[in-house]
Amino acid sequence: MPMSAAYTIAAALLSSLILYRFLKAVSHQTRLQGQSVLVIGASDGIGRAIAHLYAKRHSNLVLVARRHAVLEQVASECTALGCADVACIALDVSVESNVVRLREEVGRSMAGVDVLVLCVGVLGVKLFEEISPADACHMADKMMSVNVLAPIFISAYFLDMLKLSKGRIIIVSSTAGVLPAPSRAVYAASKYALNGFFKSLRIEIAKNGVSITIASPGTVDTDFRSKALDATCGSTIPSRLSTKDSAPPRRKKVEPAKVTPDAAAKYIVEAADRRDREIVFPWFYKIAMIISAIWPSFTDLLAKVKYGIK
């Protein structure tokens, strides 16, 4: 075969491959347009940013959070960004009867759910030993209810709709669920429990074509900490929580670079598009996970530095 003919065939094959990849990508993006998306925890932070991304894809959105006025504002933003339709439902998803009502309301407007986003959570920021036993137990009960039971309730009542559409479940977890986090002991426990449930559920429902993407972001630039259950300012249970007089001194924290909610949302949604199992970001947390597996005491030291623990 003449060399020129070989070059021609090679060029044709390469062009065909590039065209195939391009058409496949276009087809994939087209399938992602106009999806039915249920966002739990859509009022601010990462949940709000995720709602914005799906709005740009002309999705049919149902936004859920406790504050109706804020949800209405997010709905207006999503409408301006191009969503096909948007509904707001204000309720507390840590109460099972509310989740039953949510399932009934969503079922009237959607045949199936293409994407379920679970972005709910509450935080604690004090050392466990700084909190009185009664307050620690109260905080643990509240945190497990919101961070663990609420996602389980929602999964139980919406699994049939996800199976119908071979949908995607997005879990917004935390690096506190994969690495030690002093001053976040109860929060970390809730995230480890959350991750364990959905890793197990993933195996059970894989046969139905439903994927689960667990996202574990590091520090995100939101006001999440100011709403911590044990924070002295803006506490959701200020009359219950108090710090012991004998609390140990704390070093100044070493804060890593914060991720913006928009950047976090982009990482998470793109991972869900690919049906990735897990995503951990920023990148240095992945390295920390590797170090933790082979040299856990060093990871403990890094955690002490990060959280200002002596």
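In full-length UniProt numbering, the protein residues as written are 1 to 310.
Cβ atoms here follow ideal geometry from the backbone N, Cα and C, with glycine treated the same way.
Since this is a predicted model, take the numbers as computed values, not measurements.
Alpha carbon to alpha carbon, how far is residue j from residue i? Give it in angstroms, no decimals.
i: Leu123; j: Lys304; result: 18 Å
i: Val99; j: Val93; result: 6 Å
i: Ala272; j: Glu204; result: 18 Å
i: Lys310; j: Leu301; result: 10 Å
i: Val62; j: Ile294; result: 43 Å
i: Asp114; j: Val148; result: 22 Å
i: Ile212; j: Cys119; result: 13 Å
i: Lys306; j: Asp44; result: 26 Å
i: Phe224; j: Lys191; result: 15 Å
i: Leu127; j: Ala136; result: 10 Å
i: Ser76; j: Ile291; result: 45 Å
i: Leu81; j: Gly34; result: 13 Å
i: residue 328; j: Lys286; result: Since the first and last residues shown for the chain are 1 and 310, residue 328 lies out of range.
i: Glu96; j: Leu162; result: 19 Å
i: Arg67; j: Phe284; result: 35 Å
i: Lys258; j: Ile169; result: 25 Å
i: Ala215; j: Lys199; result: 12 Å
i: Met139; j: Ser297; result: 28 Å
i: Asn60; j: Tyr54; result: 8 Å
i: Thr260; j: Ser226; result: 16 Å
i: Val146; j: Tyr187; result: 11 Å
i: Gly209; j: Gly167; result: 7 Å
i: Phe197; j: Val125; result: 24 Å
i: Ile89; j: Gly308; result: 40 Å
With distance defined between alpha-carbon atoms, name the residue in the options nearest to residue i.
i: Glu270; options: Arg57, Ala134, His138; result: Arg57
i: residue 345; options: Asn60, Asp141, Ser173; result: This structure cannot settle anything about residue 345, because the visible part of the chain is limited to 1 through 310.
i: Leu102; options: Leu162, Glu72, Leu38; result: Leu38
i: Arg275; options: Ala288, Arg225, Phe224, Ala206; result: Ala206
i: Ala185; options: Asn60, Arg277, Met144; result: Met144
i: Ala65; options: Glu96, Cys78, Gly47, His52; result: Gly47
i: Pro282; options: Ala111, Lys266, Thr79; result: Lys266
i: Leu159; options: Val146, Ser174, Arg202, Leu194; result: Arg202
i: Ser183; options: Glu130, Ile279, Val117; result: Glu130
i: residue 327; options: Gly107, Ile40, Asn208, Glu105; result: The displayed coordinates of the chain run from 1 to 310. Any statement about residue 327 would go beyond what the structure contains.
i: Pro151; options: Val106, Asn208, Val117; result: Val117
i: Ala288; options: Ala264, Leu32, Gly218; result: Gly218
i: Ala263; options: Thr222, Thr299, Arg277; result: Thr222
Which residues mark the beginning and the end of the beta strand (DSSP E) in which residue i is found?
i: Arg168; result: 168-172
i: Thr175; result: Looking at the DSSP string, Thr175 is not in any beta strand (DSSP E), and its letter there is neither H nor E.
i: Ser216; result: 211-217
i: Val39; result: 36-40
i: Val113; result: Unbroken run through Val113: none, as it is neither H nor E.
In terms of residue numbering, what span does the alpha helix (DSSP H) encompassing residue i cover?
i: Pro151; result: 150-165
i: Leu194; result: 185-205
i: Ser297; result: 296-307
i: Ala140; result: 133-144
**Report entry** Residue ranges of each alpha helix (DSSP H) within the segment 43-109, 4 or longer
**Finding:** 45-56, 68-81, 96-109
Report task. Can you check the segment 259-287 for any beta strand (DSSP E) of at least 3 residues that lies completely inside it and give the ranges in chain order? Result -> 278-281
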